[in-house]
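Data first, discussion second: the structure below is written as C-alpha cells.
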Amino acid sequence: MKRLCLLFACAAALLLSACASGPLPANIERFDLGPPPVAAPGSPANSGRTLAPIKVMVAAPTWLDQESMYYRLPGADGDQARAYADSRWLAPPQRLFGERLRARLASQRSVLNAGDPVAAPLLKIELDEFTQVFDSRSRSHGAVVLRASVFDHDRLVAQTTLHVTRPAPSNDARGGVAALRAATDAAQAALVRWLATVPLS
346 MKRLCLLFAC
356 AAALLLSACA
366 SGPLPANIER
376 FDLGPPPVAA
386 PGSPANSGRT
396 LAPIKVMVAA
406 PTWLDQESMY
416 YRLPGADGDQ
426 ARAYADSRWL
436 APPQRLFGER
446 LRARLASQRS
456 VLNAGDPVAA
466 PLLKIELDEF
476 TQVFDSRSRS
486 HGAVVLRASV
496 FDHDRLVAQT
506 TLHVTRPAPS
516 NDARGGVAAL
526 RAATDAAQAA
536 LVRWLATVPL
546 S
C-alpha cells in the first residue's frame, strides 16, 4: 500500500511540474543576420590587396552558446538576461557572428579554422554580449560586446575591446534582430580596420 501511495504521489508531482512549465510555443520564429554586407568601393576589402591568411575562432559564454534570443529590461532588471518565448536564432550567436566575420575577411585574405594545421596567425573573438537592451517601453537597442585578440605562435600580438550599439526600429524580437545585425556589421567593420593595423607575419 505504501508503495502504491508513493507511485501516486510521484505521478501527481510530475503532473504539477508539467502544468507549471506550460506548453512550448506552437509557432517559433527563427532568425539569422541575413546576407553579409557588400564592401563599399575604396574600403579595405576592395583595396585589391591579398593579405596574409588568418585563422578565426569565435567563443562565447555558455548562455550565448545556444539559439535563444536574449533581451534586457530597463533599470535593475537589466542585470538579468531574459529569452524571448517564441523567437529563436537559427544558430547560436557566436556561430552567426563567426560566419559573417569569415565572409567579410574572405574578400581580402584566406580564412582558416582554428584547428587547421597550416601555420597562420589566430584571431580569437570572445563574444561577451549579444542582446537587445530595452531603454524604456518605447525604445531599445542591440548591444554587441567583444574582445578580440591576435596570436602568432601562441604569442599575444594585439588585443582590443569593442562595445557597439545600434537602435532597434521596433520594440520586439524583429527590431532586436535588425539592431543586432547593424551592431554586428559595425563591430566587424571596426575589427577589419583594427586588424589592418596589426603586424602579421
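Residue numbers (my numbering): 346 to 546. For glycine and all other residues, C-beta sits at the position ideal for the given N, C-alpha and C.
Query	Result
Exposed unless 16 or more other CB atoms sit within 10 angstroms - verdict on L301	Nothing can be reported for residue 301: it is not among the residues displayed for the chain, which extend from 346 to 546.
Secondary structure of D517, DSSP reduced to three states	coil
Separation of L491 from H508, as counted between CA atoms	7 Å
Extent of the continuous beta strand (DSSP E) to which A398 belongs	Here the sequence assigns Pro to residue 398, which means Ala is not the residue at that position. 396 to 404 is the extent of the beta strand (DSSP E) around P398.
Residues that L472 bridges to, as DSSP identifies them	L491
Straight-line Cα distance separating R538 from D530	12 Å
Buried or exposed by the 16-neighbour rule on C-beta atoms within 10 Å, applied to T476	buried
7 Å CB neighbourhood of Q511 in its chain, flanking five on each side removed	Sequence check: residue 511 is Arg here, not Gln. Closer than 7 Å at the Cβ level, and outside the excluded window around R511, lie H486, G487, A524, A527, A528, A531.
Beta-carbon proximity list for P437, same chain, < 8 Å, skipping 5 on both sides	A405, L409, D410, Q411, E412
Rounded Cβ spacing between I399 and L468 (contact assumed at less than 8 Å)	5 Å
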